[in-house]
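Data first, discussion second: the structure below is written as structure tokens.
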Amino acid sequence: MSVLLTCFLIGLIFLPYFKTPTKLVLIYITISFFNECLGYYSLYYSAEKKVRVLEHNLYLCIYFIILTLYFSNIIIYTKKRIAFIASICTFFLSFFYSIQTINQTFHYQQFIILALSFAFYSLIYFKQLLETEEAILENPNFWIVTGILFFHGGYFFLSGFISFIASNDLELARKLFKINNILNIIYYSLIIYGFLCQRRLMKLS
């Protein structure tokens, strides 16, 4: 939570230096921050003390749309629109199908679709970077996309591993899931560094 707060505040401070893609990331960070605040309040301070399922699933949809828009702004391949439309349709068809047919708290399979989509977009973007003569390490989007790939790729493998462990030892699975906190710290730290790179580039231009 503290790393997310730091990322949010740095994004607000450096907002005048941001271009459209970085602004989209800041919008995502802002929504994530307030979603975390709402979740924390609901669990520890609300009279009902329950997880807000509707808000979480709505956040998941907004999260998917905003980061897809981000990738659509930084990927230049002409056929990218087909991939974006296909992933969006798959995500929402699966989401609404699960609402109608599956009785569960959160729609984890949609997060898996989201994670795989972002991992795919990230690899396309890295391929695009390698085909240019751009100074990759000075590119803010390189660090942001690295964070996106690290977190979503890591979560995909972590969730699969924990699901396997949970079938034998639920308590151990809960302890192992704390690794997700490490993924979050690295994820938001890389986004922060991307924000710093964006500010540096704009000040030099």
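Residue numbers (the working numbering): 55 to 259.
Each residue gets a CB set at the ideal place from its N, CA and C atoms; glycine is no exception.
Note that the structure is a prediction, hence the values are computed from the model and not measured.
DSSP three-state label for N234, please. Within the sequence shown, residue 234 is the residue found at index 180, counting from 1. Three-state result, N234: helix.
Give the secondary structure of N193 by DSSP, where H, G and I count as helix, E and B as strand, and everything else as coil. Taking the first residue of the sequence shown as position 1, residue 193 is located at position 139. Reduced to three states, the DSSP call for N193 is coil.
Nearest CA to the CA of I28: which residue from G208, G248, L250, S221? Any answer about residue 28 is impossible in this case: the structure gives the chain only from 55 up to 259.
Once DSSP output is grouped into helix, strand and coil, what is the label at T186? Your numbering for residue 186 matches position 132 in the sequence shown. Assignment of T186 by DSSP, reduced to helix, strand and coil, places it in the coil class.
Same chain, Cβ closer than 8 Å to I85, neighbours up to 5 away in sequence not counted: Residue 85 sits at position 31 when you count from the first residue of the sequence shown. If we look at I85 and ignore the five residues flanking it on each side, its Cβ neighbours are Y113, I116, Y117, I120.
7 Å Cβ cutoff met for I83 and F62: As a working note, residue 83 is residue 29 in the sequence shown. As a working note, residue 62 is residue 8 in the sequence shown. Yes; because the gap between Cβ atoms is below 7 Å, this pair is in contact.
Are the CB atoms of P75 and I128 nearer to each other than 7 Å? Numbered from its first residue, the sequence shown carries residue 75 at position 21. Numbered from its first residue, the sequence shown carries residue 128 at position 74. Result yes, Cβ atoms of P75 and I128 sit closer than 7 Å.
Assuming the contact rule is C-beta atoms closer than 8 Å, I202 and F196 should be a hit. Round their C-beta distance to whole Å, please. Position 148 of the sequence shown, counted from the first residue, corresponds to residue 202. Position 142 of the sequence shown, counted from the first residue, corresponds to residue 196. Not confirmed; about 11 Å, so no contact.
My assumption, with CB atoms under 8 Å, is that L255 sits in contact with F205. Please give the rounded CB distance. In the sequence shown, counting from the first residue as 1, residue 255 sits at position 201. In the sequence shown, counting from the first residue as 1, residue 205 sits at position 151. Actually they are not in contact, since the Cβ atoms of L255 and F205 sit about 24 Å apart, beyond 8 Å.
Taking the straight line between their C-alpha atoms, what separation do you get for L58 and Y242? Numbered from its first residue, the sequence shown carries residue 58 at position 4. Numbered from its first residue, the sequence shown carries residue 242 at position 188. Going by the C-alpha atoms only, they are around 6 Å apart.
CB S171 to CB S141, shorter than 7 Å? Position 117 of the sequence shown, counted from the first residue, corresponds to residue 171. Position 87 of the sequence shown, counted from the first residue, corresponds to residue 141. Closer than 7 Å, so yes.
Compute the Euclidean distance between the alpha carbons of L212 and I245, then round it to the nearest angstrom. Along the sequence shown, read from residue 1 onward, the residue named residue 212 stands at position 158. Along the sequence shown, read from residue 1 onward, the residue named residue 245 stands at position 191. Each residue's alpha carbon lies about 21 Å from the other.
Where does I129 fall in DSSP's three states? Your numbering for residue 129 matches position 75 in the sequence shown. In the structure shown, the three-state DSSP call for I129 is coil.
If you follow the alpha helix (DSSP H) that F68 is in, where does it begin and where does it stop? The count along the sequence shown starts at 1 and reaches residue 68 at position 14. The continuous stretches of alpha helix (DSSP H) do not include F68, and DSSP gives it neither H nor E.
Measure the C-alpha to C-alpha separation of R228 and H110 and round it to an integer number of angstroms. Position 174 of the sequence shown, counting from 1, holds the residue named residue 228. Position 56 of the sequence shown, counting from 1, holds the residue named residue 110. Each residue's Cα considered, the two are about 20 Å apart.
Secondary structure of M256, DSSP reduced to three states: For the purposes of this step, residue 256 is taken as residue 202 along the sequence shown, with counting starting at 1. Reduced to three states, the DSSP call for M256 is helix.
Since F231 and I166 should fall inside the 8 Å C-beta cutoff, what is the C-beta to C-beta distance between them, to a whole number of angstroms? Within the sequence shown, the letter at position 177 stands for residue 231. Within the sequence shown, the letter at position 112 stands for residue 166. Distance from F231 to I166 at the Cβ level is roughly 15 Å; contact not present, criterion being Cβ atoms closer than 8 Å.
In this structure, does DSSP put N111 in helix, strand or coil? The count along the sequence shown starts at 1 and reaches residue 111 at position 57. The answer is helix: DSSP assigns N111 an H, G or I state.
May I ask you to report which of helix, strand or coil DSSP gives S243? To locate residue 243, count along the sequence shown from 1; it is residue 189. The DSSP-derived three-state label of S243 is helix.
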